[in-house]
Amino acid sequence: MLIHHYDHATGAYVSSALAPEDQSEAGIWIVPAFATTDPLPERLPRTWPFYLDGTWQLKPDHRGRVLYRCETGEPAELLSAGVTPEDAGLTPLPRPTEQHEWSGASWRVSAEALARESRNAAMAEFQQRMATARRRNAGRADAFAAGLLNDEETYYFKAWSAYQFDLVRVVERDDFPQHVRWPDEPAPYEPRPENDATAVDQPPTD
1030 MLIHHYDHAT
1040 GAYVSSALAP
1050 EDQSEAGIWI
1060 VPAFATTDPL
1070 PERLPRTWPF
1080 YLDGTWQLKP
1090 DHRGRVLYRC
1100 ETGEPAELLS
1110 AGVTPEDAGL
1120 TPLPRPTEQH
1130 EWSGASWRVS
1140 AEALARESRN
1150 AAMAEFQQRM
1160 ATARRRNAGR
1170 ADAFAAGLLN
1180 DEETYYFKAW
1190 SAYQFDLVRV
1200 VERDDFPQHV
1210 RWPDEPAPYE
1220 PRPENDATAV
1230 DQPPTD
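See the structure below:
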């Protein structure tokens, strides 16, 4: 006679075996505690039999399945049958990106995450442009104040200084970063033609 053992605490099916024969009485089979002769039900995919209230019942079984934490998207797994991924705060759906958050039914990018991503990208662009402008003017502030720069150097110093100021104006706008229009970098220096130089007044001739 075939018997089926189940866990004494949860009722989960453990194993099957032939019942031992009673040595004191032939033809009598011993059914130990936490075992039954009731036949196992036909299992469906991702289910496991549990013996509860005197009958076999099928409960969810997601052991061995790769799941993901709804809070972080990290891989996880269930070690026990009878628990659904939802009960454990898990989902079979992988998290597409770090910007996605679990909505209760699927991964979605929240409006807050989109706004945060947009601002971070815009600020990274701002920092890169500002760093370029500062490198262009590095070590020239004192020289400019002392009048030591030639015409071309003076032009670029003023142009890159104005460019930095325009960058700050962009990020201080109320609609930043929804509407961003970065200023153009300074145009190349063009020296004045010699004939455009201011002529020195000559005294009239008779």
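Read in order, the letters of the sequence shown correspond to residues 1030 to 1235 in this note's numbering.
Backbone N, C-alpha and C fix where the C-beta goes; we use that ideal spot for every residue, glycine too.
These numbers come from a predicted model, not from an experiment.
ask   = Helix, strand or coil: how does DSSP classify SER1109 here?
value = Within the sequence shown, residue 1109 is the residue found at index 80, counting from 1. Three-state result, SER1109: coil.
key: Span of the alpha helix (DSSP H) around LEU1143   = What you label residue 1143 is simply residue 114 of the sequence shown in a count that begins at 1. Counting along the chain, the alpha helix (DSSP H) containing LEU1143 begins and ends at 1140-1166.
message = Along the chain, where does the alpha helix (DSSP H) containing ALA1172 start, and where does it finish?
response = Taking the first residue of the sequence shown as position 1, residue 1172 is located at position 143. ALA1172 -> alpha helix (DSSP H) spans 1170-1174.
inquiry  = Beta-carbon within less than 8 Å of ARG1169's beta-carbon, same chain only, minus the 5 sequence neighbours each way: which residues are those?
reply    = Locating residue 1169 in the sequence shown gives position 140, where the first residue counts as 1. If we look at ARG1169 and ignore the five residues flanking it on each side, its Cβ neighbours are LEU1178, GLU1182 and PHE1186.
inquiry  = Distance check for ARG1092 and GLU1103, CA to CA, integer angstroms please.
reply    = In the sequence shown, counting from the first residue as 1, residue 1103 sits at position 74. In the sequence shown, counting from the first residue as 1, residue 1092 sits at position 63. Near 17 Å, if we compare the C-alpha coordinates of ARG1092 and GLU1103.
query = Excluding the five sequence neighbours on either side, which residues of its own chain have a C-beta within less than 6 Å of the C-beta of ALA1044, listed in chain order?
reply = The residue labelled residue 1044 in the question sits at position 15 within the sequence shown. As written in the sequence, residue 1044 is Ser, which differs from the Ala given in the question. The residues are HIS1034.
message = As a quick exercise: from PRO1222, GLY1083, GLU1106 and MET1159, pick the residue whose alpha carbon is nearest that of GLU1214.
response = Here residue 1214 corresponds to residue number 185 of the sequence shown, with the count starting at 1. Looking at the Cα atoms, MET1159 is the closest of the given residues.
request  = Return the Cβ separation of PRO1074 and LEU1087 in integer angstroms, given the expectation that the two are a contact with Cβ distance under 8 Å.
outcome  = For the purposes of this step, residue 1074 is taken as residue 45 along the sequence shown, with counting starting at 1. For the purposes of this step, residue 1087 is taken as residue 58 along the sequence shown, with counting starting at 1. At roughly 11 Å, the Cβ-Cβ gap does not stay under 8 Å, so PRO1074 and LEU1087 are not in contact.
message = Quick test of the definition: if touching needs 3 or more C-beta pairs under 8 Å, does the stretch 1143-1153 touch the stretch 1105-1120?
response = no
message = Run through the DSSP bridge pairs and tell me what GLN1086 is partnered with.
response = In the sequence shown, the residue the question calls residue 1086 occupies position 57. GLN1086 is bridged to PHE1079.
query = Excluding the five sequence neighbours on either side, which residues of its own chain have a C-beta within less than 8 Å of the C-beta of GLY1111, listed in chain order?
reply = By one-based count along the sequence shown, residue 1111 stands at place 82. For GLY1111, where only same-chain residues beyond five positions count, the Cβ hits under 8 Å are THR1039, ALA1041, TRP1077, PHE1079, LYS1088, PRO1089 and ASP1090.
Rounded separation between PRO1123 and ARG1072 - CA only = Locating residue 1123 in the sequence shown gives position 94, counting from the first residue. Locating residue 1072 in the sequence shown gives position 43, counting from the first residue. So the two alpha carbons sit approximately 27 Å from each other.
query = Are the beta-carbon atoms of ILE1059 and PRO1068 separated by less than 7 Å?
reply = Position 30 of the sequence shown holds residue 1059. Position 39 of the sequence shown holds residue 1068. For ILE1059 and PRO1068, no; Cβs fall outside 7 Å.
request  = Go through its chain and collect everything with a Cβ distance to ALA1172's Cβ below 6 Å, but skip five positions before and after it.
outcome  = As a first step, residue 1172 must be located in the sequence shown, where it is residue number 143. Once the five neighbours on either side are set aside, the close Cβ partners of ALA1172 are LEU1178.
ask   = How many angstroms separate the CA atom of GLY1133 from the CA atom of ALA1062?
value = Position 104 of the sequence shown holds residue 1133. Position 33 of the sequence shown holds residue 1062. Answer to the nearest angstrom: the Cα atoms are 42 Å apart.
ask   = If you follow the alpha helix (DSSP H) that TYR1184 is part of, which residue opens it and which one closes it?
value = As a first step, residue 1184 is located in the sequence shown; it is residue number 155 there, counting from the start. Unbroken alpha helix (DSSP H) run through TYR1184: 1180-1200.
query = Can the beta-carbon of GLN1128 be found less than 7 Å from the beta-carbon of ALA1142?
reply = Here residue 1128 corresponds to residue number 99 of the sequence shown, with the count starting at 1. Here residue 1142 corresponds to residue number 113 of the sequence shown, with the count starting at 1. Yes, they are a contact pair.
ask   = Can you name, in chain order, every residue of its own chain whose Cβ lies under 7 Å from the Cβ of SER1147, other than the five neighbours on each side?
value = The residue given as residue 1147 occupies position 118 in the sequence shown. Hits under 7 Å: PRO1206.
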